[in-house]
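Residue numbers (my numbering): 203 to 858.
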C-alpha cells in the first residue's frame, strides 16, 4: 500500500490498483500478465492482464461478471494506464490441469471437474453469458482433490484462443476471431472434451491440424473421433458421449450435469449422419456426407461453384447419398441462379454457394467467399481486419451491404431468431451507408466494439474508449503536432465520437460530422463539435487543445471583411484561447451581431466602391466632348482678350 500512495491517480486503475510492469507473470490466453498492488484492500491474489488494441475484449462478459462467480476467474476492475489497458483479475489458484500428465480417476473427474464447472456454467447461463474458453491450459486447480477453477474468458473475442479440438465443427471452421458468443451448449461441448482428455491422460489427435480434426469429427462423430479405440470409465464415457452430441440441442444442460446419474440416463439418441455409397471429391479431399461436403465447399468456394454449375453436387446428393429431397432443393437454388441472368454477378454466385452450404449443414455458420463467421463475430472481425487484411474487409462489407446475415438466417429460422438477425442486418447496413467523415465502416467498427480504443494516430500513446477521455487525450497530443496542418478531428476521431455519442446528442452532432468534409470552414465545424463535448461532459480548461483549434481558424478569420474588427476578434480569440474553454471561442467566431454588422459594412463599402467606379467610367466616357468644349472656350477667351487689349491700346492713343 505504501508503494501506491505516491503514484498519481492516472497510474492507478479504479483509483486502487497499481500494475507492476516489472513483475511479469505467465501469459494468460496469449496476453501479457503482470503483478498487481492493491492500494486499499491489500489483496495479494490478483493479476493484471494487458488487453490488445487490435483484438477487442468482450463487453457483455465484463458486464455479466461484475458480480463474482465462485470457481471462475472474474475481472475486478479494468482501465487504461498510459498507452495500455489492463484488466485486474483474480489470479489462478494453482497450475493448469494440463500439468498433470496421468489419467484422472473417475471420482475426481466428477467431484473436482464436472460439478464445479457445471455450477459455473449454470450461473453464466443465468446471466445470458458464455465462457468459450474451457481447455486444459485455462482450467486451474490449487491441488489434488480440490475443485477446478475456470480461467479468463473475456479479454479477447469468444473462443478465439480455442483449438479446434475443443470446439464443435460449426465453430472450429470459423475464423478464430469470428466465432461469436455461441451458446452454453458450446461450453458443455468444450467441458466434455476436457473430461475426455483428463480421463485419457493425454490430448487426442495431436498429430492432426485443425482442419483435419474438424473433418474427422464430421466423418465419424466427435466422440468416436476423439476416443478411437480407447475406453473411458463407464459414467464418464456416457456423460461425455452426450456432451459431445453434434446437435447442441441434444447436449445436457449445466443444471442436468450437476446430477451425473440423471444426466447419464437422459442422453438423447441422435440419428447418425447418412453416409454416401461413394464420395465426392472437392477441395483436395473426399466428402462422404452432406456436412463434410458443406465444410469442403466453405473452404474452397470457387471449386464449390464449379461443382454446382456442373450438376456434380446435385447428382451426388441424389445418387451417391440417396437424399432426393436435399438434391431437389439444391437443384432449385442452382436453377434460380441461372434464371437471374447477369452471369458475371459475383455476389449472386457467392450467395448461391452460401445458401447451398446452409442447406447441406443447418448447423453451419455463414460462409461468404471463404470467410466463415457467426453474425455476432462481425464486430471483432472488423476490428482485426481494418488495418491488416483489406480483402477480408471487402468481404465483410459485402456481407453487410447485401444483408447476407438475413438471407442466411431465413434458411435456418428454426435454429435462430430470424426477426432479430434481420433487424440487426438492416441496422448495420444503415450505419454502413451513412457517409461523411464520421460514418461508414469505421464508425460501425466502433459501434460493434464498445471496448475498442480510438485508433487515431493522434492517440497512439493513449488508450481512449470513452468520450470523457477523448478531449484530455487530444489536449496531450496538441504539443507534438503541427497545429496548422493537422486537424484534431480526423476520420477515426470523427467515427469514435459518432459511435460513442449518447442518444440525445446523436442528431445534434452527427450532421456536423458528416458535413465537415464538404464545408469550407471545417475548422469551425470541428470547433463546434469539441466545444459541445466539453460543455456536455463538464470538462475543465483545455488550453493546448484550444490553441490547436485557434491555429486552425485562419480560414474562418479571413471571412471577416473589416480589418479593424478582424484584428479585434483575433485579439479576443487569443484571450479566450488562454482560458481553455471552447464554447466562448465558438461564440466569438459565430457571433451573429458582429457577422451582421460586418456584412452590412461590407455591403456599404461595396456600394461606395460601385459609385466611385461609375463616376470614373462616366469621366472616362466624356473626355472628347470636354476637349472640344475646352478648345472653343479657349478660343473665345483668346479673342476676347485680344479685343480688350486692342481697345485699351486705342484708348491710350486717343488720350495721347
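Using N, Cα and C, we set each Cβ at its ideal position, and we do this for glycine too.
Exercise for review: Report buried or exposed for residue 217, applying the criterion of at least 16 other Cβ atoms within 10 angstroms of its Cβ.
Suggested key: Numbered from its first residue, the chain shown carries residue 217 at position 15. Exposed, by the Cβ-count rule.
Point to revise | Residue from 781, 742, 741 and 793 with nearest C-alpha to residue 759 | key: Taking the chain shown and counting its residues from 1, the one referred to as residue 759 is at position 557. Cα-wise, what sits closest to residue 759 is 793.
Point to revise | Nearest neighbour of residue 513, chosen from 497, 394, 487 and 540 [CA to CA] | key: Within the chain shown, residue 513 is the residue found at index 311, counting from 1. Of 497, 394, 487 and 540, the residue nearest in Cα terms is 540.
Review point. Hey, would you say residue 745 sits closer than 8 Å to residue 780, going by beta carbons?
Key: Sequence index remark: in the chain shown, residue 745 carries index 543 (1-based). Sequence index remark: in the chain shown, residue 780 carries index 578 (1-based). Closer than 8 Å, so yes.
Exercise for review: Within the same chain, show all residues whose beta-carbon is closer than 6 Å to that of residue 518, passing over the 5 residues directly before and after it, in chain order.
Suggested key: The sequence position of residue 518 within the chain shown is 316, counting from 1. Excluding residues within five positions, the ones whose Cβ falls inside 6 Å are 482.
Check your understanding: For residue 226, which residues does DSSP report across the bridge?
Key -> Your numbering for residue 226 matches position 24 in the chain shown. The beta-bridge partner set that DSSP reports for residue 226 consists of 236.
Check your understanding: Do you know offhand how far residue 421's Cα is from residue 565's?
Key -> Position 219 of the chain shown holds residue 421. Position 363 of the chain shown holds residue 565. Cα to Cα, the separation comes out at about 15 Å.
Check your understanding: Looking at C-alpha atoms only, which residue of 528, 582 and 577 is the closest neighbour of residue 562?
Key -> Residue mapping note: residue 562 aligns to position 360 of the chain shown, counting from 1. The residue with the shortest Cα to Cα distance from residue 562 is 528.
Exercise for review: Could you check if residue 623 is buried or exposed, using at least 16 other CB atoms within 10 Å of its CB as the buried criterion?
Suggested key: Residue mapping note: residue 623 aligns to position 421 of the chain shown, counting from 1. Residue 623 comes out buried.
Review point. Hey, out of 289, 774 and 428, whose CA is closest to residue 401's CA?
Key: The residue labelled residue 401 in the question sits at position 199 within the chain shown. The candidate whose alpha carbon is nearest that of residue 401 is 428.
Exercise for review: Could you tell me if residue 580 is buried or exposed, where buried requires 16 or more neighbouring beta carbons within 10 angstroms of its beta carbon?
Suggested key: By 1-based counting over the chain shown, the position of residue 580 is 378. With 16 or more other Cβ atoms within 10 Å, it is buried.
Review point. Residues in its own chain within less than 6 Å of residue 939 by CB, not counting five upstream and five downstream?
Key: Any answer about residue 939 is impossible in this case: the structure gives the chain only from 203 up to 858.
Review point. Do the CB positions of residue 412 and residue 336 come within less than 8 Å of each other?
Key: For the purposes of this step, residue 412 is taken as residue 210 along the chain shown, with counting starting at 1. For the purposes of this step, residue 336 is taken as residue 134 along the chain shown, with counting starting at 1. Contact flag unset, no.
Point to revise | Rounded distance between the beta-carbons of residue 338 and residue 399, thought under 8 Å | key: Sequence index remark: in the chain shown, residue 399 carries index 197 (1-based). Sequence index remark: in the chain shown, residue 338 carries index 136 (1-based). Correct: roughly 6 Å between the Cβ atoms.
**Study point:** Buried versus exposed, by CB contacts within 10 Å (16 or more), residue 818
**Key:** Walking along the chain shown from the start, residue 818 turns up at place 616. By the neighbour-count rule (16 or more Cβ atoms within 10 Å), residue 818 is not buried but exposed.
Exercise for review: Kindly indicate which three-state DSSP category residue 251 falls into: helix, strand or coil?
Suggested key: To locate residue 251, count along the chain shown from 1; it is residue 49. Three-state result, residue 251: strand.
Review point. By Cβ distance, which residues of its chain are closer than 6 Å to residue 387, with the 5 residues on each side in sequence left out?
Key: Translated into positions along the chain shown, residue 387 becomes position 185. For residue 387, where only same-chain residues beyond five positions count, the Cβ hits under 6 Å are 450 and 453.
Practice item. Kindly list the residues whose CB is nearer than 6 Å to the CB of residue 368, restricted to its own chain and excluding five residues on each side of it in sequence; keep chain order. Key: Translated into the one-based positions of the chain shown, residue 368 becomes position 166. A distance below 6 Å between beta-carbons, with the five flanking residues on each side excluded, links residue 368 to the following residues of its chain, in chain order: 337, 392 and 395.
Exercise for review: Pull up the distance between the alpha-carbon of residue 839 and that of residue 852, whole angstroms please.
Suggested key: The count along the chain shown starts at 1 and reaches residue 839 at position 637. The count along the chain shown starts at 1 and reaches residue 852 at position 650. If you draw a straight line from the Cα of residue 839 to the Cα of residue 852, it is about 20 Å long.
Check your understanding: Can we say the segment 355–370 touches the segment 231–242, given the rule of at least three CB pairs closer than 8 Å?
Key -> yes
**Study point:** Exposure label - residue 333; buried when at least 16 CB within 10 Å
**Key:** Locating residue 333 in the chain shown gives position 131, counting from the first residue. Here residue 333 is buried. Its C-beta has 16 or more other C-beta atoms within 10 Å.
Practice item. Keeping to the same chain, check which residues put their C-beta closer than 8 Å to that of residue 460; ignore five residues upstream and five downstream. Key: Start at 1 with the first residue of the chain shown, and residue 460 comes out as number 258. Once the five neighbours on either side are set aside, the close Cβ partners of residue 460 are 317, 320, 321 and 324.
Check your understanding: From which residue to which residue does the beta strand (DSSP E) around residue 405 run?
Key -> Your numbering for residue 405 matches position 203 in the chain shown. Element bounds for residue 405: n/a, residue is neither H nor E.
Practice item. Within 10 angstroms of the Cβ of residue 704, are there 16 or more other Cβ atoms? Answer buried if so, exposed if not. Key: To locate residue 704, count along the chain shown from 1; it is residue 502. It is exposed - the Cβ of residue 704 has fewer than 16 other Cβ atoms within 10 Å.
Check your understanding: Which runs of the alpha helix (DSSP H), 4 residues or longer, sit entirely within the segment 372–422?
Key -> 386–402 and 412–422
Check your understanding: Across which residues does DSSP place residue 298 in a beta bridge pair?
Key -> Translated into the one-based positions of the chain shown, residue 298 becomes position 96. In the DSSP output, where bridge partners are listed per residue, residue 298 has 342.
**Study point:** Backbone secondary structure at residue 280 - three-state DSSP
**Key:** As a working mapping, residue 280 is identified with position 78 in the chain shown. It is a strand residue.
Review point. Across which residues does DSSP place residue 288 in a beta bridge pair?
Key: By 1-based counting over the chain shown, the position of residue 288 is 86. Paired residue(s): 252 and 281.
Check your understanding: Can you check whether the CB of residue 651 is closer than 8 Å to the CB of residue 378?
Key -> As a first step, residue 378 must be located in the chain shown, where it is residue number 176. As a first step, residue 651 must be located in the chain shown, where it is residue number 449. Against a cut-off of 8 Å, the Cβ pair of residue 651 and residue 378 comes out as no contact.
Exercise for review: Grab the span of the alpha helix (DSSP H) containing residue 683 for me, first residue to last.
Suggested key: Numbered from 1 along the chain shown, position 481 holds the residue referred to as residue 683. Premise fails: residue 683 is in no alpha helix (DSSP H) and is neither H nor E.
Review point. Are the segment 275–290 and the segment 240–255 touching, with three or more C-beta to C-beta distances below 8 Å?
Key: yes
Review point. By DSSP, does residue 665 sit in helix, in strand, or in coil?
Key: Working through the chain shown from its first residue, we reach residue 665 at position 463. In this structure, residue 665 counts as coil in the three-state DSSP scheme.
**Study point:** Residues bridged to residue 569 [DSSP beta-bridge criterion]
**Key:** Against the chain shown, residue 569 aligns to sequence position 367. In DSSP, residue 569 forms a bridge with 574.
**Study point:** residue 842 (DSSP reduced to helix, strand or coil)
**Key:** Residue numbering aside, residue 842 sits at position 640 when the chain shown is read from its first letter. Helix, per DSSP.
Point to revise | Start-to-end residues for the alpha helix (DSSP H) that takes in residue 438 | key: Here the question's residue 438 lines up with position 236 in the chain shown. Note, residue 438: alpha helix (DSSP H), 436–445.
**Study point:** Residue environment, residue 769, which counts as buried when at least 16 other CB atoms sit within 10 Å
**Key:** Here residue 769 corresponds to residue number 567 of the chain shown, with the count starting at 1. By the 10 Å Cβ count, residue 769 comes out exposed.
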